[in-house]
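Asks: My structure is below; once you've seen it, I'll send some questions.
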Amino acid sequence: MIASCMIILGIDIGGTGVKGGLVDFPSGVMKGDPLHVPTPNPATPAALTRTIKKIVQHFRHSGPVGTGFPGPIRRGVVGTAVNLSPRWVGKNAENVFQKGIHRRVCVINDADAAGLAEVHHGAGKKQKGTILMVTLGTGIGSALFYEGVLIPNTELGHLTLEGGDAEKIASAKARSDHDWSWKKWGRHVREYLQRVDHLINPDLIIVGGGVSKRAEKWLPRASKGVRAKVVPAKLHNEAGIVGAAMAARQKFSR
Ligand code: BGC
44 MIASCMIILG IDIGGTGVKG GLVDFPSGVM KGDPLHVPTP NPATPAALTR TIKKIVQHFR
104 HSGPVGTGFP GPIRRGVVGT AVNLSPRWVG KNAENVFQKG IHRRVCVIND ADAAGLAEVH
164 HGAGKKQKGT ILMVTLGTGI GSALFYEGVL IPNTELGHLT LEGGDAEKIA SAKARSDHDW
224 SWKKWGRHVR EYLQRVDHLI NPDLIIVGGG VSKRAEKWLP RASKGVRAKV VPAKLHNEAG
284 IVGAAMAARQ KFSR
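Residue numbers for the sequence shown follow this note's numbering, so the first one is 44 and each next one is one higher.
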């Protein structure tokens, strides 16, 4: 059992970088500055565990750790890890990290973590109905909520778009890999948002990831023709950290 006032270390594992920060509860606000480190390459279980250990040591944190992972997670077990080492597939990420850092660890999908933070503390706060969070980063992540309750592991970044995997043309990485203008990339994002709008019919779509900081450059055009209201994330890069910590708090106070 965990006390209701406490600090949890939230860690957001991405295909390019790993970010960590201390999150204060019950407020759910980050305390101090986050730490950013590059994702090891190859991002094997052993290499990523060393990275997580460094972050834990940096913050001198002895309490529980919540981690967002860029792949679907069922009861701790990794389903796919397209932007990390394939050695993760089928591994229990909670056990791997717990053994390496000797702390209690909760692992959930990274987009689900960002969505939890946005729905409860950011752009989705007090919004009713169905909310879809879409994160545009190295990959595309998705998190689906109905009346504040998460339906985990939706993986809508892998829908087929223009004959291929959607995240290959509509992620932030696709824009930088191809050196596309905001306008050109925005057309792919619009096609993607129209597709998820058509399939899921949400009331609100929150668009997150680093590119959401510059939403004015592309979001007005990319949300044309989408029936759901489309808004940029409010917590930007902090969402994944805060949401991962929220999930750990929920898990360990049960
Ligand atoms: C993964 C998702 C993840 C997203 C963002 C995708 O490639 O399959 O699980 O949420 O990238 O990191």
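Backbone N, C-alpha and C fix where the C-beta goes; we use that ideal spot for every residue, glycine too. Treat the numbers as computed from the prediction; the structure is a model and nothing was measured.
Going by the DSSP bridge assignment, what does K74 pair with across the sheet?
Replies: For K74, which the question treats as bridged, DSSP gives the partners L65.
Asks: Beta-carbon within less than 8 Å of G268's beta-carbon, same chain only, minus the 5 sequence neighbours each way: which residues are those?
Replies: Correct list, in chain order: R233, Q237.
Asks: Quick one: residues in its chain with C-beta nearer than 8 Å to the C-beta of G191, no 5 flanking neighbours on either side, listed in chain order?
Replies: Correct list, in chain order: V162, H163.
Asks: State the DSSP-derived secondary structure class of R117, mapped to helix, strand or coil.
Replies: Strand.
Asks: Spatial neighbours of T87 within its chain, please: C-beta separation below 6 Å, excluding the five flanking residues on both sides.
Replies: These residues qualify, in order along the chain: S128, R130.
Asks: Identify whether R104 lies in helix, strand or coil by the three-state DSSP scheme.
Replies: Here the sequence assigns His to residue 104, which means Arg is not the residue at that position. Three-state DSSP puts H104 in coil, outside helix and strand.
Asks: Quick one, which of G184, I212, A258, K211 has its alpha-carbon nearest L199's?
Replies: When each option's Cα is compared against that of L199, the closest is G184.
Asks: From this set, G109, H145, L175, A124, which residue's C-alpha is nearest I151's C-alpha?
Replies: Considering only alpha carbons, the answer is G109.
Asks: In angstroms with no decimal places, state the Cα-to-Cα distance between A258 and T178.
Replies: C-alpha separation (whole angstroms): 12 Å.
Asks: G53: beta carbon under 7 Å from a heavy atom of the ligand BGC?
Replies: Answer for G53: no, Cβ out of range of the ligand BGC.
Asks: Ignoring anything shorter than 4 residues or poking outside the stretch 147-233, list the alpha helix (DSSP H) runs there in chain order.
Replies: Segments of the alpha helix (DSSP H) lying fully in the stretch 147-233: 153-164, 210-213, 215-221.
Asks: Assuming K62 and G283 are in contact, meaning their beta carbons sit under 8 Å apart, how far apart are those beta carbons, in whole angstroms?
Replies: That pair is a contact at about 7 Å.
Asks: If you follow the alpha helix (DSSP H) that K294 is part of, which residue opens it and which one closes it?
Replies: Looking at the DSSP string, the run of the alpha helix (DSSP H) that includes K294 is 282-295.
Asks: Are there 16 or more other CB atoms within 10 angstroms of the CB of E205, so buried, or fewer, so exposed?
Replies: With fewer than 16 other Cβ atoms within 10 Å, it is exposed.
Asks: Where do the ends of the beta strand (DSSP E) carrying L52 lie?
Replies: Here the beta strand (DSSP E) through L52 covers 49-56.
Asks: What is the C-beta distance between V285 and G53, in whole angstroms, given that I count them as a contact (C-beta under 8 Å)?
Replies: Their Cβ separation, rounded to whole angstroms, is 6 Å, which keeps V285 and G53 in contact under 8 Å.
Asks: Could you check whether R146 and V99 sit closer than 8 Å to each other, using their CB atoms as the reference points?
Replies: It is a contact, given that the beta carbons lie within the stated cut-off.
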